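Step one of this worksheet: look at the structure below.
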Amino acid sequence: MKLDFNVAIDDLRDVPALARDAEALGFDGLWTAETKHDPFLPLALAAEHTRRVSLGTAIAVAFPRSPTVVAHTTWDLQAASGGRVVLGLGTQVKGHNERRFSVPWTAPGPRLRDYILALRALWECWQTGGRISFRSEHYTITLMTPFFAPRPIEHPRIPIYIAAVNPYNLRLAGELCDGVHLHPFHSVKYLREFALPHVEAGLAKTGRSRANLVLATSVFMVTGPTPAAVARAREEARAQIAFYASTRTYEPVLAAHGWADLLPRLHPKSVTGDWAGMAALVTDEMLEVFTVEAPWDGLAQALVERYGGLLDRIAPYLPLERRSERAEMEAFATALRGRI
Numbered sequence: 006m007k008l009d010f011n012v013a014i015d016d017l018r019d020v021p022a023l024a025r026d027a028e029a030l031g032f033d034g035l036w037t038a039e040t041k042h043d044p045f046l047p048l049a050l051a052a053e054h055t056r057r058v059s060l061g062t063a064i065a066v067a068f069p070r071s072p073t074v075v076a077h078t079t080w081d082l083q084a085a086s087g088g089r090v091v092l093g094l095g096t097q098v099k100g101h102n103e104r105r106f107s108v109p110w111t112a113p114g115p116r117l118r119d120y121i122l123a124l125r126a127l128w129e130c131w132q133t134g135g136r137i138s139f140r141s142e143h144y145t146i147t148l149m150t151p152f153f154a155p156r157p158i159e160h161p162r163i164p165i166y167i168a169a170v171n172p173y174n175l176r177l178a179g180e181l182c183d184g185v186h187l188h189p190f191h192s193v194k195y196l197r198e199f200a201l202p203h204v205e206a207g208l209a210k211t212g213r214s215r216a217n218l219v220l221a222t223s224v225f226m227v228t229g230p231t232p233a234a235v236a237r238a239r240e241e242a243r244a245q246i247a248f249y250a251s252t253r254t255y256e257p258v259l260a261a262h263g264w265a266d267l268l269p270r271l272h273p274k275s276v277t278g279d280w281a282g283m284a285a286l287v288t289d290e291m292l293e294v295f296t297v298e299a300p301w302d303g304l305a306q307a308l309v310e311r312y313g314g315l316l317d318r319i320a321p322y323l324p325l326e327r328r329s330e331r332a333e334m335e336a337f338a339t340a341l342r343g344r345i
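Residue numbers (this note's numbering): 6 to 345.
Below you can see the structure in the form of structure tokens.
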């Protein structure tokens, strides 16, 4: 498995040093997310200050940006990085599209399929110098004059990963994509019995094999240098799991373990902001299923036992409130480098 790191920064000026440190410590890739800040801008800085690590979004929300906008951004990043970019896209949920991004909501799976095909049509147009005539249910792109077309680049094949929880997107990942971002809120049972069969169905549809698709995820890792630190990490993970489990999108993860009744108990508390009450509903048994808990010196073995032969790339999931990027990065690299 490859070991990646999730970059969560509030100041772009911190990116160059962080990216250099990650590369020096042996991480294989850096991921940015669309939470508080734009996910693409840090990658431009990281590209300038690294030479080896892959640079990707995990994820960028697709629908607030047209395919043409994202195609231009990733084309330029791919050129600047020497071919190290991975475009990770996700649909987000209806409420965020409509109320945070002010984007009309339509069936997200078919729309994401059209989005991916539009991106590849644009990149082919730019690389070959041909005309574009892309028409689908959701996107029409038929104008690309030389004045607006970027020049060809050395590495035009930009990998596309998509975030997938539901059956349609899991199958879509297998059918069309280079990788899939599996959600941090997962279990091995959910992955083996729910997610992977849908991924494999998508692969079979286009005659591809499991070797053609990268499975990537972030993992709730409950660890630390002292028992007190581990206990604190455990409660932070409990709160984050409660947050995700209150959302209908992630019901299949709970259902895999017979815990679907947790969602209707959590959701009203999320509406009223009862975060402590939500965390109290997440049992220690649930924590054991959804997190990997081990001291630093046992973390690598615990991850291999759980994910070896199952996933291709993992990154530690850390609540943003407790991020001390350099210290956390060094601790994880020391514990895991060369052992997973």
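No residue lacks a Cβ here, since even glycine has one placed at the ideal position from N, Cα and C. No experiment lies behind these values; they were computed from the predicted model shown.
Open item on the list: Looking at the secondary structure, which residues open and close the beta strand (DSSP E) in which residue 186 lies?
Closed with: 184 to 187
Task: Cα-Cα separation, residue 347 to residue 278 - done: Outside the displayed range of the chain (6 to 345) lies residue 347, so it cannot be described from this structure.
- [ ] Would you tell me roughly how many angstroms separate the C-alpha atoms of residue 134 and residue 213, rounded to the nearest one?
- [x] Each residue's alpha carbon lies about 29 Å from the other.
Task: Neighbourhood of residue 211 by C-beta, 7 Å cutoff - its chain only, sequence neighbours within 5 removed - done: 180
Open item on the list: Residues in the same chain with beta-carbon distance under 6 Å from residue 131, minus the five sequence neighbours each way, listed in chain order, please.
Closed with: 154, 155
Open item on the list: Please return the same chain residues whose Cβ sits closer than 8 Å to the Cβ of residue 92, not counting the five positions on each side in sequence.
Closed with: For residue 92, where only same-chain residues beyond five positions count, the Cβ hits under 8 Å are 61, 62, 65, 75, 79, 124, 163, 164, 165, 166.
Task: Separation of residue 248 from residue 241, as counted between CA atoms - done: 11 Å
TODO: Just confirm the distance between the C-beta atoms of residue 32 and residue 338, as a whole number of angstroms; I'd bet it's less than 8 Å.
DONE: 6 Å
TODO: Following the continuous beta strand (DSSP E) through residue 110, name the residue where it begins and the one where it ends.
DONE: Run containing residue 110: none; DSSP gives neither H nor E here.
TODO: Let me know if residue 9 comes out buried or exposed under the rule of 16 or more other beta-carbons within 10 Å of its beta-carbon.
DONE: buried
- [ ] Specify, as a first and last residue, the run of the alpha helix (DSSP H) that residue 75 falls within.
- [x] 72 to 86
Open item on the list: What does the Cβ neighbour count give for residue 47, buried or exposed, with the cut at 16 atoms within 10 Å?
Closed with: buried
Open item on the list: Can you tell me where the beta strand (DSSP E) holding residue 319 begins and where it ends?
Closed with: 318 to 322
Open item on the list: Can you tell me whether residue 150 is buried or exposed? The criterion is at least 16 other CB atoms within 10 Å of its CB, across all chains shown.
Closed with: Exposed, by the Cβ-count rule.
Task: Beta-carbon proximity check, residue 204 vs residue 178, cutoff 8 Å - done: Result yes, Cβ atoms of residue 204 and residue 178 sit closer than 8 Å.
Task: Buried versus exposed call for residue 96 [16 or more other C-beta atoms within 10 Å across all chains shown] - done: buried
Task: Contacting residues, own chain, Cβ-Cβ under 6 Å from residue 39 (five flanking each side not counted) - done: 65, 66
Open item on the list: Just verifying my parser: in three-state terms, what is the DSSP assignment at residue 288?
Closed with: coil
Open item on the list: Could you give the first and the last residue of the continuous beta strand (DSSP E) run that contains residue 168?
Closed with: That run of the beta strand (DSSP E) goes 165 to 169.
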